[in-house]
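Colleague: Pasting a structure below so you can have a look.
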């Protein structure tokens, strides 16, 4: 069984300052969860991560109701995955957008951008934008821990369609690629990835890849046209029409496979 993962915001000393053989204490919310909910005790092993690639493998020396006493047995700084994959997820009703963030975090997304598309029923305005972003961050954190990741995806501020179009133009100007998942696309994602690898050095993909997933009502023609004009490529994901909660996960799996992750 793999070791459980806990985030190290409340590790003392700070994760970056400890080495092999050092003692540390995991307190705060993570420490209480580990000791009281998971009931982890002396002799067990856990990983403590900082969310940006640092992984401490620790032996538990003792526990009380709110913390674990640890001995660091291994320190590993993991490399960031290449390419960096960004999920641009349209706001969606019924928690489908949160489901997309969860499963894509488990598969291996690196960044998430909430998108207030024109057809989205859900809208983040004012304080609701901060609350929505915080909720997505919590989903990403929990999913990263569940999937034993040392990296927690960053959740950016919500973008409207004009802001997203400008962002896509900057991405493609910097040798990145943006894929718009669309049921009317004439090119499959598999064919698009193959063409990029044929053109790239050592059959590699561009250093940054964005996946743009629309809301349940789909992406409107005006938005699609603007994104394509900015350099995005419309791609399809097979004969079946996927929900907004699953399209990103399917696309992400294919991209990671093409990049050699599996």
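Numbering (my numbering), first residue to last: 6 to 267. The beta carbon of each residue, even a glycine, is placed where N, CA and C say it ideally should be.
Take residue 105 and list the residues in its own chain whose beta-carbon comes closer than 6 angstroms to its own, dropping the five residues that flank it on each side.
Modeller: The residues are 94, 250 and 253.
Colleague: Going by beta-carbon coordinates alone, are residue 88 and residue 214 separated by less than 7 angstroms?
Modeller: yes
Colleague: Looking at the structure shown, is residue 83 part of a helix, part of a strand, or coil, going by DSSP?
Modeller: coil
Colleague: Between the C-alpha atoms of residue 19 and residue 112, what's the straight-line distance to the nearest angstrom?
Modeller: Their Cα atoms are separated by approximately 28 angstroms.
Colleague: Please state whether DSSP places residue 119 in a helix, a strand or coil.
Modeller: strand
Colleague: Could you name the residues of the same chain whose beta carbon sits closer than 7 angstroms to that of residue 48, not counting the 5 residues immediately before and after it, in chain order?
Modeller: 65
Colleague: Counting only beta-carbon atoms, is residue 47 nearer than 7 angstroms to chain B?
Modeller: As a matter of chain content, chain B is missing from the structure shown, which is built from one protein chain.
Colleague: List the DSSP bridge partners of residue 280.
Modeller: Look at the range of the chain in this structure, 6 to 267, and you will see that residue 280 is not part of it.
Colleague: Is it the case that the region 223-231 contacts the region 130-141, given that we only count it when at least three CB pairs across the two stretches are under 8 angstroms?
Modeller: For the pair of segments examined, the region 130-141 was found not to touch the region 223-231: the number of CB pairs separated by less than 8 angstroms stays below three.
Colleague: Tell me the DSSP secondary structure of residue 172 in three-state form.
Modeller: helix
Colleague: With three or more beta-carbon pairs closer than 8 angstroms as the criterion, would you say the region 240-250 touches the region 203-211?
Modeller: Result no; under three Cβ-Cβ pairs closer than 8 angstroms.
Colleague: For residue 12 and residue 58, which I take to be in contact (beta-carbon distance under 8 angstroms), what is that distance rounded to the nearest angstrom?
Modeller: Going by Cβ atoms, the distance from residue 12 to residue 58 rounds to 13 angstroms, so no, they are not a contact pair.
Colleague: Check the C-beta distance from residue 31 over to residue 52 and give it rounded, since I have them as a contact under 8 angstroms.
Modeller: That belief does not hold up - the Cβ atoms of residue 31 and residue 52 are roughly 11 angstroms apart, past 8 angstroms.
Colleague: What span of residues does the beta strand (DSSP E) with residue 137 cover, start to end?
Modeller: Counting along the chain, residue 137 falls outside any beta strand (DSSP E), though it belongs to the alpha helix (DSSP H) covering 132-151.
Colleague: Looking at the structure shown, is residue 202 part of a helix, part of a strand, or coil, going by DSSP?
Modeller: Helix at residue 202.
Colleague: Could you pull out every residue in the same chain whose Cβ sits closer than 6 angstroms to the Cβ of residue 179, ignoring the five residues on either side in sequence?
Modeller: none
Colleague: Please report the Cβ distance between residue 166 and residue 256, rounded to the nearest whole angstrom; I am assuming they are in contact, meaning their Cβ atoms lie under 8 angstroms.
Modeller: Wrong, their Cβ atoms sit about 20 angstroms apart, outside the cutoff.
Colleague: Leaving out five residues before and five after residue 101 in sequence, what residues of the same chain have Cβ atoms less than 8 angstroms from its Cβ?
Modeller: 221, 248, 249 and 250
Colleague: Can you name the start and end residues of the alpha helix (DSSP H) that residue 238 belongs to?
Modeller: No alpha helix (DSSP H) holds residue 238; the beta strand (DSSP E) holding it covers 238-240.
Colleague: Where do the N-terminal and C-terminal ends of the alpha helix (DSSP H) with residue 110 fall, by residue?
Modeller: Taken as a continuous stretch (DSSP letters only), the alpha helix (DSSP H) holding residue 110 covers 101-112.
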